[in-house]
Amino acid sequence: MEEKEIKKLIEEFFEKAGFEKQNVLIKISEKEILVDLKAEDPYILIGKQGQSLLDLQFLLKSLVSKKTGKNDFSLMLDINDYHKKKIDYLKKMANTIADEVSLLGREKELNPMPAFERRIVHLVISQREDVISESVGKEPKRRVVIKPKTSK
Numbered sequence: 001m002e003e004k005e006i007k008k009l010i011e012e013f014f015e016k017a018g019f020e021k022q023n024v025l026i027k028i029s030e031k032e033i034l035v036d037l038k039a040e041d042p043y044i045l046i047g048k049q050g051q052s053l054l055d056l057q058f059l060l061k062s063l064v065s066k067k068t069g070k071n072d073f074s075l076m077l078d079i080n081d082y083h084k085k086k087i088d089y090l091k092k093m094a095n096t097i098a099d100e101v102s103l104l105g106r107e108k109e110l111n112p113m114p115a116f117e118r119r120i121v122h123l124v125i126s127q128r129e130d131v132i133s134e135s136v137g138k139e140p141k142r143r144v145v146i147k148p149k150t151s152k
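FYI, the numbering for the sequence shown is 1 to 152, going by this note's numbering.
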């Protein structure tokens, strides 16, 4: 299945769901599909803590995977820049908490979050030399713990 066919498949999915074609922007590279949707009332599509958005993203990836016979790609769905805003928020929050952990010398456990969000926090923390992070617990209550880095 070619890029044009994949775009058509995704556009038809959203048209059948009641969205106009011009509100869906699709970018396809070798291993990644980015779908950017603009919606007047995005809240039902995004859902609590972005769960509906993640479900839609999974559904779209499954649909494309079934039609193409391939599964070696990532698909990112963003609705009204929700992901971009969430990533910015997570980066700021991770750095703020890391500063606190470093200053006080005490670990801090974050609230449970989906794997995508935990990954962002771990990436931010991995760029720092004063703290480390690890995920603890089991889904759906898996969370990140940020700890001071001990010198050996």
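From the three backbone atoms N, C-alpha and C, an ideal C-beta is built for every residue, glycine too.
Here the structure is a predicted model, which means the values were calculated and not measured.
Burial state of residue i (16 or more Cβ within 10 Å)
i: E50; result: The question names Glu, but residue 50 in the sequence shown is Gly. Classification of G50: buried, given that the 10 Å Cβ count is 16 or more.
i: I120; result: buried
i: K106; result: According to the sequence displayed, residue 106 carries Arg and not Lys. Answer is exposed; the Cβ neighbour count stays below 16.
i: D78; result: buried
i: V144; result: buried
i: K152; result: Only weak support is given to the placement of K152: the predicted model assigns it a pLDDT of 47, under 50, and the question is left unresolved by the model.
i: S74; result: exposed
Nearest-angstrom Cα separation, counted from residue j out to residue i
i: E129; j: I87; result: 21 Å
i: P114; j: K149; result: 25 Å
i: K92; j: R142; result: 20 Å
i: G69; j: F116; result: 25 Å
i: K66; j: F58; result: 12 Å
i: L110; j: V131; result: 14 Å
First through last residue of the alpha helix (DSSP H) which encompasses residue i
i: D41; result: Neither: D41 is in no alpha helix (DSSP H) and is coded neither H nor E.
i: K27; result: That residue, K27, is in no alpha helix (DSSP H); its beta strand (DSSP E) goes 24-28.
i: E32; result: Here E32 belongs to no alpha helix (DSSP H); instead the beta strand (DSSP E) covers 32-37.
i: A115; result: 115-126
i: F13; result: 3-16
i: K61; result: 51-68
Check whether residue i and residue j have beta carbons under 7 Å apart
i: I28; j: I10; result: no
i: I125; j: K108; result: no
Near the ligand NAP: residue i beta-carbon under 6 Å from a heavy atom
i: E3; result: The ligand NAP is not among the ligands present in this structure, which contains no ligands whatsoever.
DSSP bridge partner residues for residue i (one or two, in chain order)
i: T148; result: Note on residue identity: the sequence assigns Pro, not Thr, to residue 148. Note: P148 sits in a beta bridge opposite V131.
i: S109; result: The amino acid occupying residue 109 in the given sequence is Glu; Ser does not appear at that position. Paired residues: V145.
i: V101; result: Paired residues: none, contrary to the question.
Continuous beta strand (DSSP E) stretch holding residue i: start and end
i: S74; result: 74-79
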